[in-house]
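**Student:** So that we are looking at the same thing, I have put the structure below in structure tokens.
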Ligand SMILES: *Cc1c(COP(=O)(O)O)cnc(C)c1O
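Numbering (this note's numbering), first residue to last: 4 to 408.
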């Protein structure tokens, strides 16, 4: 007699995006002649850059030639890519990360969901509120989160760290020490980023208490300010207490290509002295057969001089949208956060309105779709997420409509 995993049955439904799509569909059916613009999606819209495309084509051709054909990729990634990552992302920034501490994968969603497997079932987790849902849900699946209180939208065994305008979106240290701390910076959904001194304080906190930080830096390429760290390994002591997760998705437009990597330094050891590097290598070896050669060649193309220029212009395309939104809506009297080091703008909804009221107002009166902040956690109430991933034309038109309200 088989039984389903009871932890999966505890997961609350994906209320947020299904409610949004129902509301948008209903609006479109009732108003077939209106054009609806979405500033709601967390997905890129611009085509892959020329160097990446060339690398993809070349790699496909290699696969068709018996002399250059490749079978299984190495579990942990091809050396040519790991070296390019180590040199460009770490050595060039003064971070001591070696090639063999980089684990190439098919993306940051899988890595951020799977990384909890190498920790004991009794470990407690802390997350920011609002939060990228993968961190919590993957721990629910692992049975680590206790019981769910639907009214509070909180799991009994999860430590929530509110991030709001009051604390500048930087989480305060919790009363109870967590074993595993998830930090995403630049942040999805708030679009804000931690400064060096704040991240150093968190690294010091984790190092003193022997906690581990899982640092999701999927939006690293969007950083524009000097005092925002690109990697947690810029901080003293991070090799002993932090894992970093990166992705080519938002940085280089690879959401449909699939490529990412996770860094587990060899100095990261649990309270018994067990090095996590070996555990993550074992996990990759058992459950993952390597990211495809073709994708890894495309990833390496991102690190050529030409590739770096091209992805910088991709990022600046989206960041121009962020500026358009921020400047336009500031003129219209709204208060907004983020959008400087990340492609998300976190708008404070006008007094007395809830996130969902504002969603309805935007959809019905401006025909704009955004994401209610409350959908990312209780501390997101009173906020609304707009993304810079649209086209320039749509973004300008969306801002015009909101200003005209
Ligand atoms: C988009 C996103 C990811 C997922 O990246 P993939 O590499 O496409 O799986 C990870 N973390 C955050 C915070 C994201 O917004």
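Glycine is no exception: its CB is placed at the ideal position from the N, C-alpha and C atoms.
These numbers come from a predicted model, not from an experiment.
If you run the structure through DSSP and keep just helix, strand and coil, what is residue 262?
**Tutor:** Translated into the one-based positions of the chain shown, residue 262 becomes position 259. In this structure, residue 262 counts as coil in the three-state DSSP scheme.
**Student:** Taking just the CA atoms, how far does residue 150 sit from residue 13?
**Tutor:** One-based indexing of the chain shown puts residue 13 at position 10. One-based indexing of the chain shown puts residue 150 at position 147. Between residue 13 and residue 150, the C-alpha separation is close to 8 Å.
**Student:** I'd like to know if the region 380 to 399 and the region 125 to 143 are in contact, where contact means that at least 3 CB-CB pairs between them fall below 8 Å.
**Tutor:** yes
**Student:** Taking C-alpha atoms, which residue in 197, 179, 181 lies nearest to residue 187?
**Tutor:** As a first step, residue 187 is located in the chain shown; it is residue number 184 there, counting from the start. If we check each option's Cα against that of residue 187, 197 comes out closest.
**Student:** What is the rounded straight-line gap between the Cα of residue 93 and the Cα of residue 235?
**Tutor:** To locate residue 93, count along the chain shown from 1; it is residue 90. To locate residue 235, count along the chain shown from 1; it is residue 232. Taking the straight line joining both Cα atoms gives about 10 Å.
**Student:** Since residue 294 and residue 108 should fall inside the 8 Å C-beta cutoff, what is the C-beta to C-beta distance between them, to a whole number of angstroms?
**Tutor:** Start at 1 with the first residue of the chain shown, and residue 294 comes out as number 291. Start at 1 with the first residue of the chain shown, and residue 108 comes out as number 105. The pair is a contact, with the Cβ atoms about 6 Å apart (cut-off 8 Å).
**Student:** How many angstroms separate the CA atom of residue 45 from the CA atom of residue 279?
**Tutor:** Here residue 45 is taken as the residue at index 42 of the chain shown, counted from 1. Here residue 279 is taken as the residue at index 276 of the chain shown, counted from 1. Cα-Cα distance, rounded: 31 Å.
**Student:** Out of 57, 226, 177, state which residue places its alpha-carbon closest to the alpha-carbon of residue 205.
**Tutor:** Within the chain shown, numbered from 1, the residue matching residue 205 stands at position 202. That would be 177, whose Cα lies nearest to the Cα of residue 205.
**Student:** Thinking C-beta only, is residue 250 closer than 8 Å to residue 111?
**Tutor:** Indexing the chain shown from 1 puts residue 111 at position 108. Indexing the chain shown from 1 puts residue 250 at position 247. Cβ distance < 8 Å, so residue 111 and residue 250 count as in contact.
**Student:** If you measure from the CB of residue 367, is any heavy atom of ligand 1 nearer than 7 Å?
**Tutor:** To locate residue 367, count along the chain shown from 1; it is residue 364. No.
**Student:** At what residues does the beta strand (DSSP E) containing residue 252 begin and finish?
**Tutor:** Within the chain shown, the letter at position 249 stands for residue 252. From DSSP, residue 252 is part of no beta strand (DSSP E) but of the alpha helix (DSSP H) over 252 to 255.
**Student:** Less than 8 Å between the CB atoms is what I'm expecting for residue 389 and residue 378, so what's the real figure, rounded?
**Tutor:** In the chain shown, residue 389 corresponds to position 386, counting from 1. In the chain shown, residue 378 corresponds to position 375, counting from 1. Not quite, the Cβ-Cβ distance comes to about 14 Å (not below 8 Å), so this is no contact.
**Student:** What residue from 345, 225, 104 has the CA that sits closest to residue 82's CA?
**Tutor:** On the chain shown, residue 82 is found 79 positions in, with the first residue counted as 1. Of the candidates 345, 225, 104, 104 places its Cα closest to the Cα of residue 82.
**Student:** Let me know the secondary structure DSSP gives residue 247 once reduced to three states.
**Tutor:** Counted from its first residue, the chain shown places residue 247 at position 244. Strand, per DSSP.
**Student:** Rounding to the nearest angstrom, what Cα-Cα distance links residue 337 and residue 322 in this structure?
**Tutor:** The sequence position of residue 337 within the chain shown is 334, counting from 1. The sequence position of residue 322 within the chain shown is 319, counting from 1. Approximately 19 Å, taken between the alpha carbons.
**Student:** Buried or exposed: which applies to residue 53, given that a residue is buried once 16 or more other Cβ atoms fall within 10 Å of its Cβ?
**Tutor:** Sequence index remark: in the chain shown, residue 53 carries index 50 (1-based). It counts as exposed.
**Student:** Is residue 111 near ligand 1, going by C-beta to nearest heavy atom under 7 Å?
**Tutor:** Here the question's residue 111 lines up with position 108 in the chain shown. Yes.
**Student:** If we count the other Cβ atoms within 10 Å of its Cβ and call it buried at 16 or more, is residue 8 buried or exposed?
**Tutor:** For the purposes of this step, residue 8 is taken as the residue at position 5 of the chain shown. Its Cβ having fewer than 16 others within 10 Å, residue 8 is exposed.
**Student:** With 16 as the cutoff for other CB atoms within 10 Å, does residue 276 come out buried or exposed?
**Tutor:** Here residue 276 refers to the residue found at position 273 when the chain shown is read from its first residue. Classification of residue 276: exposed, given that the 10 Å Cβ count is below 16.
**Student:** Work out the CA separation of residue 263 and residue 95 for me, nearest whole Å.
**Tutor:** The sequence position of residue 95 within the chain shown is 92, counting from 1. The sequence position of residue 263 within the chain shown is 260, counting from 1. Taking the straight line from one Cα to the other gives about 19 Å.
**Student:** Take residue 218 and list the residues in its own chain whose beta-carbon comes closer than 6 Å to its own, dropping the five residues that flank it on each side.
**Tutor:** Taking the chain shown and counting its residues from 1, the one referred to as residue 218 is at position 215. Closer than 6 Å at Cβ, skipping near neighbours: 186, 235, 245, 247.
**Student:** Taking buried to mean at least 16 other C-beta atoms within 10 Å of its own C-beta, is residue 127 buried or exposed?
**Tutor:** Taking the chain shown and counting its residues from 1, one reaches residue 127 at position 124. Burial call: buried.
**Student:** Mapping the DSSP letters down to three states, classify residue 350 as helix, strand or coil.
**Tutor:** As a first step, residue 350 must be located in the chain shown, where it is residue number 347. Strand, per DSSP.
**Student:** Given this structure, state the Cα-to-Cα distance separating residue 41 from residue 371, to the nearest angstrom.
**Tutor:** For this step, residue 41 is matched to residue 38 along the chain shown. For this step, residue 371 is matched to residue 368 along the chain shown. Rounded to whole angstroms, residue 41 to residue 371 spans 6 Å at the Cα level.
**Student:** Rounded C-beta distance between residue 237 and residue 98? I'm assuming under 8 Å.
**Tutor:** Within the chain shown, numbered from 1, the residue matching residue 237 stands at position 234. Within the chain shown, numbered from 1, the residue matching residue 98 stands at position 95. Contact flag correct, Cβ pair sits at about 6 Å.
**Student:** Could you pull the DSSP bridge partners for residue 389 from this structure?
**Tutor:** The residue given as residue 389 occupies position 386 in the chain shown. Bridge partners of residue 389: 348.
**Student:** For residue 89 versus residue 101, is the C-beta distance shorter than 8 Å?
**Tutor:** The residue you call residue 89 lines up with position 86 of the chain shown. The residue you call residue 101 lines up with position 98 of the chain shown. Contact: yes.
**Student:** Less than 8 Å between the beta carbons of residue 137 and residue 161, yes or no?
**Tutor:** To locate residue 137, count along the chain shown from 1; it is residue 134. To locate residue 161, count along the chain shown from 1; it is residue 158. Taking 8 Å as the Cβ cut-off, residue 137 and residue 161 do not qualify as a contacting pair.
**Student:** Assign residue 341 to one of three DSSP states: helix, strand, or coil.
**Tutor:** As a working mapping, residue 341 is identified with position 338 in the chain shown. The answer is strand: DSSP assigns residue 341 an E or B state.
**Student:** Measuring from the CB of residue 355, is there a heavy atom of ligand 1 at a distance below 7 Å?
**Tutor:** By 1-based counting over the chain shown, the position of residue 355 is 352. At a threshold of 7 Å, residue 355 does not count as near ligand 1, since its beta carbon sits no closer than that to any of the ligand's heavy atoms.
**Student:** What are the start and end residues of the alpha helix (DSSP H) that includes residue 108?
**Tutor:** Along the chain shown, read from residue 1 onward, the residue named residue 108 stands at position 105. It is not in any alpha helix (DSSP H) - residue 108 instead sits in the beta strand (DSSP E) that spans 105 to 108.
**Student:** Going by DSSP, what residue range makes up the beta strand (DSSP E) through residue 66?
**Tutor:** For the purposes of this step, residue 66 is identified with residue 63 of the chain shown, where counting begins at 1. Annotation: residue 66 is outside any beta strand (DSSP E); the continuous alpha helix (DSSP H) that includes it extends over 53 to 66.
**Student:** Run through DSSP, which three-state label would residue 377 get?
**Tutor:** Sequence index remark: in the chain shown, residue 377 carries index 374 (1-based). DSSP places residue 377 in helix when its eight states are reduced to three.
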